[in-house]
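Report on the structure given below.
Protein chains: 4
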Amino acid sequence: MTANIRVTIWNEYRHERKSPEVAKIYPEGIHGTLAKALSEKGYTVRTATLDEPEHGLTDEVLENTDVMLWWGHMAHGEVRDEIVEKVHKRVLDGMGLVVLHSGHFSKIFKKLLGTDCDLKWRETNDKERMWVVAPGHPITEGIGDYIEIEHEEMYGEPFGIPEPDTLVFVSWFTGGEVFRSGCCYTRGQGKIFYFRPGHETLPTYHHPEVQLVISNAVRWANPTAARKLIRGNTPALEK
Amino acid sequence: MTANIRVTIWNEYRHERKSPEVAKIYPEGIHGTLAKALSEKGYTVRTATLDEPEHGLTDEVLENTDVMLWWGHMAHGEVRDEIVEKVHKRVLDGMGLVVLHSGHFSKIFKKLLGTDCDLKWRETNDKERMWVVAPGHPITEGIGDYIEIEHEEMYGEPFGIPEPDTLVFVSWFTGGEVFRSGCCYTRGQGKIFYFRPGHETLPTYHHPEVQLVISNAVRWANPTAARKLIRGNTPALEK
Amino acid sequence: MTANIRVTIWNEYRHERKSPEVAKIYPEGIHGTLAKALSEKGYTVRTATLDEPEHGLTDEVLENTDVMLWWGHMAHGEVRDEIVEKVHKRVLDGMGLVVLHSGHFSKIFKKLLGTDCDLKWRETNDKERMWVVAPGHPITEGIGDYIEIEHEEMYGEPFGIPEPDTLVFVSWFTGGEVFRSGCCYTRGQGKIFYFRPGHETLPTYHHPEVQLVISNAVRWANPTAARKLIRGNTPALEK
Amino acid sequence: MTANIRVTIWNEYRHERKSPEVAKIYPEGIHGTLAKALSEKGYTVRTATLDEPEHGLTDEVLENTDVMLWWGHMAHGEVRDEIVEKVHKRVLDGMGLVVLHSGHFSKIFKKLLGTDCDLKWRETNDKERMWVVAPGHPITEGIGDYIEIEHEEMYGEPFGIPEPDTLVFVSWFTGGEVFRSGCCYTRGQGKIFYFRPGHETLPTYHHPEVQLVISNAVRWANPTAARKLIRGNTPALEK
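Taken in order, these protein sequences are the chains called A, B, C and D. Residues in the first sequence are numbered consecutively from 136, following the working numbering. Residues in the second sequence are numbered consecutively from 136, following the working numbering. Residues in the third sequence are numbered consecutively from 136, following the working numbering. Residues in the fourth sequence are numbered consecutively from 136, following the working numbering.
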């Protein structure tokens, strides 16, 4: 069932090439780690990165993607506006989008949500405990009461997002903060999931439960009923 | 995929036995017509009716139901409270529930929604046109811009329901009214869909697109991640 | 402006009369402490308690209440169903309702929300930090980034409520849990706010910011546009 | 109470100057008609139009606006992006925004909502009947069951918007369509109301109930609790 879902993992892929510390954790890039995890779960996976032509997001790739993952951080501004436009259009037409961690500040996420998507943060490796607040939601399948991540960057409220359609996870941090860590949206015909964890200097994407949530999110975001919409000037149905 | 979904169609089954006019349209009862339609689509279907012992809803039936359909009208008050309690608990534990037409006034729907669920109505066989307002939603799969029903009872606003999580259909009626005809809710771990059409004196449940929506709703409401919740007195995780 | 808002503070008023420990903190009852606070802010306040005739909630009181506060804990089961019915009807007709702390398990809250309203809890006086996640919301007026309560009972997720219309506060607890502590709903024409803090053995309702939130919530829940609804059998508007 | 609310009515103001037909209905411009109506209700009103320097939206004007109205149609593309950015920022910081009719395609509305905001339309002067689906909502104060507009342009579903926080009005049109005509959103600290009616060739903005809804919407959108947010790198609260 997952085999029919075509996933494109987009990664900025700069930290991994510039910082030996990050490269040690993600030698094939964050996208490489996630591609391996999702392939093992049976999805049809490809990757794309910032420094490829068209950021790896050609029309052909976009048309053949059911769900896209997005990780970016230091180079949001280098993502070209015309590519963002195309991704935006694909989401409205039904493509699922899973935005990860610092992707909260990506052009595509801000464009889809319409708000500043700003937040508090702290890089002192708090413990994070992500509580399930929407039990029964497909994104939580196989997850217990909470997911514990021994070391993570803190993100704190107020997170500048529209009220989620469904709030799935809320994080607790050692330092005293909380954060809405798993947020579902529908925009146009596309489903969007924001998932908080994943600082580049930490092995978060090797965490089995983090991988499971991402896998669940891909399945949840996979479009089922996308169609061509009838808009514009239309004649009356009744005389 | 649908074969694994166990559907129980609950019907009051009084109109069909009392009124020759209704019996002519639904000789096997409304539940019979819907059971045939859903069986043909591959679901594992059983039926239950008001005048059976325990209204046909024994513990065994409830435990082995993934999604329940509910049609009632003239005898809402005869549904026993202890059965309603059990169905309510099953929905909170994850069972899907599709409430049809006059089921808006059923005990189970009012108990789950918490409001009066009242509305306007008129039995003069308006034409109904149900517009899709949530394209891309799985419940609309295979449906065009709208569904047209040549003759139906009118239901009008203000409908006394909580704001739906997702509004899927809005109806237009010849007589000048509108109605929120397809409404999604999550309550506990269960998914609920209210679907307006289906007056007993009209052949609405023989309409292929009405059947398709009900089939889609069953698939949408099928629980995927229901679990036993941890509640009550709990020790601290941090010292 | 607040003077025109008629508030009825309902309190179970049993702990205060049975436990010297509680009586010391709330010598006039929890309702007495809240009545003083709201009167000082200019509201027109009365109180009602469980052991009064009709629990103090006569038709006359209900008709002349704009916003009701509800605190209950050990005697939820003693609240008579016909009184709950009346309060329920008044909320649907527009009366505001602010449900406090252990009121999450009251008959009226469960009836309005339709879910089990269950949660985790622990009485070891965690520190609670309630974060504002909806800045700009009128209930947060005058509140900073968060409210800190030195000692409180812990409430933990998953809280068995429908997704709030607006989530206003999320709590952090020393022991490692989070909780959706401030939740807005509309049911019928009435506005409902659930506000978590307020364990009877702790001086929470003397906390100025807790009082401020409750005052803000009363102003927010005050009905502005309630009307008599037109329902039932109606003639067509178009011929 | 309304006197303290500072309203800026922004109008494209092109149709009125180019078309004698439109000028006849709105000799002072659509903004002039609305300014008169809101002034009479006691608001502090100013206007701004596309062809003024900075489109009439200087920093000084923006800082001193509590609620902005927006009407545009033929010249959305001429609104400068840097002005849209400023209005966007002001909304996130708390300024209310009431978007009228063809403003659904304005840059500011699309930027705030993140979707294509597309729809069906027809200029054959259908009758429009806007039903209240959220009775008790302050924007419906003083309005009956519905508002009838003898002649209006039709707008039809599917309307390309995110699910509204609150759906207030749904329109019925003679030609057989429905439309979500009154939609509330919160984005950042700002409240947004989209209100459908108001085609430039028709006297809709002279309609007393249309004016009343707009006045109610201004009062509803007026910010009450906007504040400076704390974001960015923050130290831990707990050691």
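Idealized CB from N, CA, C, for every residue including glycine.
For residue i, the three-state DSSP class (helix, strand or coil)
i	result
residue 173 of chain B	helix
residue 143 of chain D	strand
residue 225 of chain A	helix
residue 235 of chain B	strand
residue 178 of chain D	coil
residue 217 of chain C	helix
residue 294 of chain B	coil
residue 261 of chain A	strand
residue 360 of chain C	strand
residue 276 of chain D	coil
residue 255 of chain A	strand
residue 250 of chain B	coil
residue 340 of chain B	helix
residue 283 of chain C	strand
residue 374 of chain A	coil
residue 167 of chain B	helix
residue 350 of chain B	helix
residue 269 of chain D	coil
residue 365 of chain C	coil
residue 152 of chain D	helix
Listed by chain order, chain B residues near residue i by CB distance under 9 Å
i	result
residue 371 of chain C	257, 259, 261, 289, 308, 309, 310, 311, 312
residue 300 of chain C	297, 298
Beta-carbon proximity check, residue i vs residue j, cutoff 7 Å
i	j	result
residue 143 of chain C	residue 200 of chain C	yes
residue 284 of chain B	residue 358 of chain B	no
residue 148 of chain C	residue 164 of chain C	yes
residue 268 of chain D	residue 302 of chain D	yes
residue 300 of chain B	residue 275 of chain B	no
residue 157 of chain C	residue 307 of chain A	no
residue 219 of chain C	residue 245 of chain C	no
residue 270 of chain D	residue 366 of chain C	no
residue 364 of chain D	residue 293 of chain A	yes
residue 228 of chain B	residue 295 of chain B	no
residue 211 of chain C	residue 335 of chain C	no
residue 304 of chain D	residue 317 of chain D	yes
residue 249 of chain A	residue 249 of chain D	yes
Listed by chain order, chain D residues near residue i by CB distance under 8 Å
i	result
residue 182 of chain A	Chain D residues near residue 182 of chain A: none, gap ~26 Å exceeds 8 Å.
residue 267 of chain B	292, 293
Contacts that residue i makes with chain B (C-beta to C-beta distance below 7 Å)
i	result
residue 232 of chain C	By Cβ distance, chain B contributes nothing, its closest Cβ being about 12 Å from residue 232 of chain C, past 7 Å.
Own chain, CB closer than 7 Å to residue i, minus 5 neighbours either side, in chain order
i	result
residue 247 of chain D	223, 226, 322, 327
Spatial neighbours of residue i in its chain, beta-carbon cut-off 6 Å, leaving aside the 5 residues before and after
i	result
residue 152 of chain D	none
residue 277 of chain D	347
residue 282 of chain C	265, 344
residue 255 of chain C	291
residue 177 of chain D	137, 138
residue 355 of chain C	273, 274
Sequence-distant residues of its chain with Cβ nearer than 8 Å to residue i (five each side left out)
i	result
residue 310 of chain B	257, 259, 261, 289
residue 190 of chain B	145, 183, 184, 214, 215, 218
Interface partners of residue i on chain A, CB under 9 Å
i	result
residue 264 of chain C	311, 312, 313
residue 339 of chain B	Simply none; closest approach about 20 Å.
residue 253 of chain D	364, 366, 367
Closer than 7 Å at the beta carbon, the chain C residues around residue i
i	result
residue 270 of chain A	293
residue 146 of chain B	Neighbours of residue 146 of chain B on chain C: none; closest Cβ ~23 Å, over 7 Å.
Chain A contact residues for residue i, given Cβ-Cβ distances below 8 Å
i	result
residue 305 of chain C	292, 305, 313, 315
residue 364 of chain B	270
Partners in chain B for residue i, counting only beta-carbon separations shorter than 8 Å
i	result
residue 248 of chain C	249
Amino acids of chain C, ordered along the chain, whose beta-carbon sits closer than 9 Å to that of residue i
i	result
residue 186 of chain B	What residue 186 of chain B touches in chain C: nothing, since even the nearest Cβ is about 27 Å away.
residue 323 of chain D	270, 271
Within chain A, the residues that residue i reaches when beta carbons sit closer than 7 Å
i	result
residue 201 of chain B	Simply none; closest approach about 13 Å.
Min CB distance residue i to chain E below 7 Å
i	result
residue 229 of chain D	Here the protein chains are A, B, C and D, and chain E is not one of them.
Within chain D, the residues that residue i reaches when beta carbons sit closer than 9 Å
i	result
residue 360 of chain C	270, 271, 272, 273, 274, 275, 276, 277, 278, 351
- request: For the stretch 327 to 345 of chain B and the stretch 338 to 351 of chain D, state whether three or more C-beta atom pairs, one from each stretch, are separated by less than 8 Å.
  value: no
message: For the stretch 321 to 330 of chain C against the stretch 227 to 237 of chain C, do three or more pairs of beta-carbon atoms, one drawn from each stretch, fall closer than 8 Å, so that the two count as touching?
response: Using a Cβ-Cβ distance cut-off of 8 Å, the stretch 321 to 330 of chain C and the stretch 227 to 237 of chain C are in contact, since at least three pairs of beta carbons, one from each stretch, lie closer than that value.
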